[in-house]
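Step one of this worksheet: look at the structure below.
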Amino acid sequence: MEMVKNRQEKVKNREVDGFGKDYLGLLLKAYHDEGHSMKISADQLVDECKTLYVAGQETTNTLLSWMMGMIINETLRLYSPVFAGFMRVVDKPDRFSEGVAKATNNNPSAFMPFGMGPHTCAGFNFATNEAKITIAMILQRFTFSLSPGYVHSPFPVLAVRPEKGVQVIINAL
1 MEMVKNRQEK
11 VKNREVDGFG
21 KDYLGLLLKA
31 YHDEGHSMKI
41 SADQLVDECK
51 TLYVAGQETT
61 NTLLSWMMGM
71 IINETLRLYS
81 PVFAGFMRVV
91 DKPDRFSEGV
101 AKATNNNPSA
111 FMPFGMGPHT
121 CAGFNFATNE
131 AKITIAMILQ
141 RFTFSLSPGY
151 VHSPFPVLAV
161 RPEKGVQVII
171 NAL
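Using full-length UniProt numbering, read the sequence shown as starting at 1 and increasing by one per residue.
Structure below.
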């Protein structure tokens, strides 16, 4: 409500010409509508702001969760932490954009970084959620860039790892 009061004060004190052209400004204009054709109550104004915040936050969270899931799937596809013998890698990262099932033509054994069926890893959901949270926390605190001497060299030992170490430059935000 403080934002609402601040805008109302600025209009009242003639510091600005109107309430603004953003969503809150349009709601305030409707709240103060003298013609009463578009008038809304204070409760409606608050409810609209809450709805926008909650709906906006939910859709953003969902988007980021799907995006991070795609990043994790692509990383698992290219560099599985579990050595599974001979692996074939095909460069089509966008094929996961509509889900793993569609990317693999509904072949359940085509992509199984955590196993499948009764042999599915019990920690699958925990591991992917932990990875998403960890990535989010790291990206909030650091920036990353490739080292000038970067050489791409995946090396399968027990798990696929970089042969020459992780060659990135990390800076705190």
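Glycine residues also receive a C-beta, built at the ideal position from the N, C-alpha and C atoms.
Cβ neighbour criterion (16 or more within 10 Å) applied to residue i
{"i": "N73", "result": "buried"}
{"i": "P148", "result": "exposed"}
{"i": "P113", "result": "buried"}
{"i": "R7", "result": "buried"}
{"i": "L28", "result": "buried"}
Check whether residue i and residue j have beta carbons under 8 angstroms apart
{"i": "P143", "j": "N107", "result": "In the sequence under discussion, the amino acid at residue 143 is Thr, which differs from the Pro named in the question. In this structure, N107 does not lie closer than 8 angstroms to T143 by Cβ."}
{"i": "S80", "j": "V160", "result": "yes"}
{"i": "F111", "j": "R77", "result": "yes"}
{"i": "V166", "j": "S145", "result": "no"}
{"i": "G35", "j": "G25", "result": "no"}
{"i": "K10", "j": "V16", "result": "yes"}
Sequence-distant residues of its chain with Cβ nearer than 8 angstroms to residue i (five each side left out)
{"i": "T128", "result": "G69 and I72"}
{"i": "Q140", "result": "L173"}
{"i": "M1", "result": "V46"}
{"i": "A42", "result": "Y31"}
Residues of its chain near residue i, where Cβ-Cβ distance is below 6 angstroms and the 5 sequence neighbours each way are ignored
{"i": "E163", "result": "S153 and F155"}
{"i": "Y31", "result": "I40 and L45"}
{"i": "P93", "result": "E74"}
Cβ-Cβ separation, residue j to residue i (assumed contact under 8 angstroms), whole Å
{"i": "S65", "j": "K132", "result": "7 angstroms"}
{"i": "A103", "j": "R95", "result": "4 angstroms"}
Beta-carbon proximity list for residue i, same chain, < 7 angstroms, skipping 5 on both sides
{"i": "Y23", "result": "L52"}
{"i": "S109", "result": "M116"}
{"i": "N61", "result": "none"}
Sequence ranges, beta strand (DSSP E) only - wholly within the segment 126 to 162, length at least 3 | 142 to 146, 154 to 156 and 160 to 162
Which parts of the segment 45 to 103 are runs of the alpha helix (DSSP H), unbroken and 4 residues or longer, counting only runs that do not cross its ends?
-> 100 to 103
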